[in-house]
Every structure is written in C-alpha cells, then in structure tokens.
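Just so you know, we're using this note's numbering here: the sequence shown kicks off at 1 and counts up by one. Backbone N, C-alpha and C define an ideal beta-carbon position, used for all residues, glycine too. Owing to the predicted nature of the structure, the values given are computational and were not obtained by experimental measurement. Note sheet for the following structure.
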Amino acid sequence: MKTVKPKYIIEGGVADNDQFKGSFRGDSPAYDFIYSGEQKKAVASQPKFYQDRLTMDNMADKKMIFEKADINKTLQLGDVKVTLEGVQYTDIMPTPASKERFRNFNESGIVALTVKLNIDNQSNQPVSIWNIGSKLRIDKNRATVFSQGMVEPSNPKEIKAGEKGEKLHVFLFNKDEFGIFKKFDLEFGPFYGEDGKGLFKDKTVTFTLPR
Numbered sequence: 001m002k003t004v005k006p007k008y009i010i011e012g013g014v015a016d017n018d019q020f021k022g023s024f025r026g027d028s029p030a031y032d033f034i035y036s037g038e039q040k041k042a043v044a045s046q047p048k049f050y051q052d053r054l055t056m057d058n059m060a061d062k063k064m065i066f067e068k069a070d071i072n073k074t075l076q077l078g079d080v081k082v083t084l085e086g087v088q089y090t091d092i093m094p095t096p097a098s099k100e101r102f103r104n105f106n107e108s109g110i111v112a113l114t115v116k117l118n119i120d121n122q123s124n125q126p127v128s129i130w131n132i133g134s135k136l137r138i139d140k141n142r143a144t145v146f147s148q149g150m151v152e153p154s155n156p157k158e159i160k161a162g163e164k165g166e167k168l169h170v171f172l173f174n175k176d177e178f179g180i181f182k183k184f185d186l187e188f189g190p191f192y193g194e195d196g197k198g199l200f201k202d203k204t205v206t207f208t209l210p211r
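Below is the structure:
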C-alpha cells in the first residue's frame, strides 16, 4: 500500500437507482484511499494536483515545482469563452506499471505542465474538447510542443450548446530541456463540431503562461 499510493475512483455509469437514471458520466476525481493515520497526515499536507490522468490513473507520482491559480484570463474564440484558470508545473515519476508509456524521455527526468481551462460554450451547437490541437510555443521560435492526449482526461468529449465545462491540457518535457526554456505561449484551439469540421474559421487564441 505504501508503494502504490492507492486511489478511490468512481467509474462512469454509476447511479443511485436500479434503472440507472441520471447516471454519472465522464471522468471522476481520484480520491486518495486512506489506510492509516500516518498516511492520512501525509496526504493532507500534499498539494492539490489537477485531475489529469497522471493523477487519476496513478500513472506517475508528482512533486510540485510551481503553480499559479486564479489567473482567470478570458479570451473569446468564436462563440465560446475560454478562461485560463491556472497552471501547475510538476516533476513526475512514472509508477512501475506505467514506465513503458514514458520510454521516450531521457534519464534527466520528466516535467509535466498541466493547464486548467474553463470553457463556456455560448454557441448553438456542441463543441468537441477531446481533439483540440493545442500547442505550446516556447521562447517564440525555439520549439513547439503538442499536448499529450494520453495523459489528459478522456471525458467529457464535448460541451453542449449553452453549457460550461473544464479542459485540462498536459505538456511533457525532458527535465534538462525544460530548465532552459523561458517563455511559454499556449495556442489553444481550434474547436471542432460533431461533423469533425473546424468551427469559427479554425481560429485559435493565445495565452502567455506564468513560468
């Protein structure tokens, strides 16, 4: 128990009735499974990490490098308001069961940047949030890094017209390379509709991230 850091996760589809009406859909937060008083104290003193799949699926242990919450910068993308809520930079240590997923990173270690965004869909149609092709532009022209869908929540896949939702983007770096980067600009978008076609003329918005 001490080595695997167990989690308690409520899977999608659960309901409080035998007809499964109004059942929960999507990814549930991962709760730490408390098994001792000592471990409870350790959990209570830990930072509250964003619920990406690194955290929810026990892919890696995290150690906070830097975080900035309550940024609350909003930009308009077509008929959708996109708000940058916060960022977390973490050292990640893949768990034994997940090491193979990260085999392409070097021995210096891995840094994850998780970006939390709130989406307010004021359009008249659903917008997909699972296939957004966002990218991170580093030091203007030094490099471009794409978000890593394999460690981002897979649900919900869309936000319906007139509704709000959350999107977490995750970017991964070799730690030795991360140390030389100075400026991160998140190019968010474009959105896609149910037919797979780009919305709002394939436009994107750009946020300069705290670093």
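Apart from sequence neighbours up to five positions away, the residues of its chain that approach residue 208 with a beta-carbon distance below 6 Å are 185, ordered along the chain. CA-CA distance, residue 118 to residue 74, rounds to 9 Å.
A Cβ-Cβ separation of about 12 Å leaves residue 180 out of contact with residue 111 under the 8 Å criterion. CA-to-CA, the gap between residue 96 and residue 211 works out to about 30 Å.
Between residue 125 and residue 161, the gap from beta carbon to beta carbon is short of 8 Å. Scanning its chain for C-beta atoms nearer than 6 Å, with the 5 sequence neighbours on each side dropped, one finds around residue 47 the residues 64, in chain order. Excluding five sequence positions before and after residue 199, the CB atoms of its chain that fall closer than 7 Å to its own CB belong to 78, 127, 190, 191, 192 and 193, given in chain order. Here residue 164 is exposed. Its C-beta has fewer than 16 other C-beta atoms within 10 Å. Of the residues 57, 102, 137 and 104, the one whose Cα lies closest to the Cα of residue 205 is 137. A Cβ-Cβ separation of about 5 Å places residue 139 in contact with residue 183 under the 8 Å criterion.
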